[in-house]
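Everything on this sheet refers to the single structure shown next.
Chains as they are written, first to last, in full-length UniProt numbering: chain G, 1 to 114; chain W, 1 to 114.
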């Protein structure tokens, strides 16, 4: 399998992944999609302080990255749905790991694990 | 254990963790520290295009977050070392998960896994 091993101190692909997932709001959007939100308003209302404009921008970026797929449902009125692709769902492990870390170290402002 | 379960569509602690690790350069700095870099120049030289000023800023943020510890070694000349705290090392699982995702989906610009 082409690629590299984890032992490399720097990896451009990992660097891109960390900066992509870490982009402001993106981590929360991916989590909301993993949690089953599919409509624009569902995603927006899940995440406090997220504006329509920012959500639109982030969803477009995630579509460009092949992480989110946008589907137009031909009903009347037309409906638009957002779903994680396989590539997007592949981020669940990282989302869970960050979630576990946050739960272990950040809940109740602990500096010690609880 | 206080906290919340993963099923919540939004979690402020997870949100903070994703934005912290995802902050520009931070993911790469944590990886370099996990890989054994301890001196400022070692970390800086591991990560292409990272400036002294940006590394200084990010290390200070990570110290404030309790993720990195700065140690002054009283030799002549004095030496400064940076190490991940337990809280910092707790991010390894997330770093590995992002690394695995990147290796699986980003190496060689694949949109299909390889």
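Cβ atoms here follow ideal geometry from the backbone N, Cα and C, with glycine treated the same way. Model, not experiment: these values are computed from the prediction.
With DSSP run on the structure shown, which of helix, strand or coil describes residue i?
i             : result
residue 63/W  : helix
residue 79/W  : strand
residue 34/W  : helix
residue 106/W : coil
residue 84/G  : strand
residue 24/W  : coil
residue 69/G  : strand
residue 48/G  : coil
residue 74/W  : coil
residue 55/G  : helix
residue 91/G  : coil
residue 40/W  : helix
residue 97/G  : helix
residue 8/W   : coil
Would you report the Cα separation of residue i and residue j, rounded to the nearest angstrom?
i             : j             : result
residue 19/W  : residue 100/W : 20 Å
residue 60/G  : residue 66/G  : 10 Å
residue 102/G : residue 68/G  : 25 Å
residue 33/G  : residue 43/W  : 35 Å
residue 51/W  : residue 77/G  : 52 Å
residue 35/W  : residue 74/G  : 51 Å
residue 23/G  : residue 53/G  : 15 Å
residue 9/G   : residue 16/W  : 25 Å
residue 40/W  : residue 56/G  : 39 Å
residue 21/G  : residue 79/W  : 35 Å
residue 11/G  : residue 11/W  : 29 Å
residue 49/W  : residue 45/G  : 37 Å
Compute the beta-carbon to beta-carbon distance between residue i and residue j, rounded to the nearest angstrom, for a pair I have assumed lies under 8 Å.
i            : j             : result
residue 26/W : residue 58/W  : 5 Å
residue 81/W : residue 71/W  : 5 Å
residue 13/W : residue 106/G : 4 Å
residue 88/G : residue 47/G  : Not really, about 17 Å apart at Cβ, beyond 8 Å.
residue 28/W : residue 97/G  : Going by Cβ atoms, the distance from residue 28/W to residue 97/G rounds to 17 Å, so no, they are not a contact pair.
residue 38/G : residue 83/G  : 6 Å
Q | Short-range partners of chain W found in the stretch 59-82 of chain G, where Cβ spacing is below 8 Å | A | Taking 8 Å as the Cβ-Cβ cut-off against chain W, the residues of the stretch 59-82 of chain G that qualify are 66.
Q | the stretch 81-100 of chain G: positions lying closer than 8 Å to chain W by Cβ | A | From the stretch 81-100 of chain G, only 86, 87, 90, 91, 93, 94, 95, 96, 97, 98, 99, 100 have a Cβ closer than 8 Å to chain W.
Q: Name, going along the chain, the residues of the stretch 11-22 of chain G whose beta-carbon falls closer than 9 Å to a beta-carbon of chain W.
A: Cβ contacts with chain W: 11, 12, 13, 14, 15, 16, 17, 18, 19, 20, 21, 22.
**Q.** Residues of the stretch 28-46 of chain G with Cβ closer than 7 Å to any Cβ of chain W, in chain order
**A.** If the cut-off is 7 Å between Cβ atoms, the stretch 28-46 of chain G has 28, 31, 32, 35, 37, 46 near chain W.
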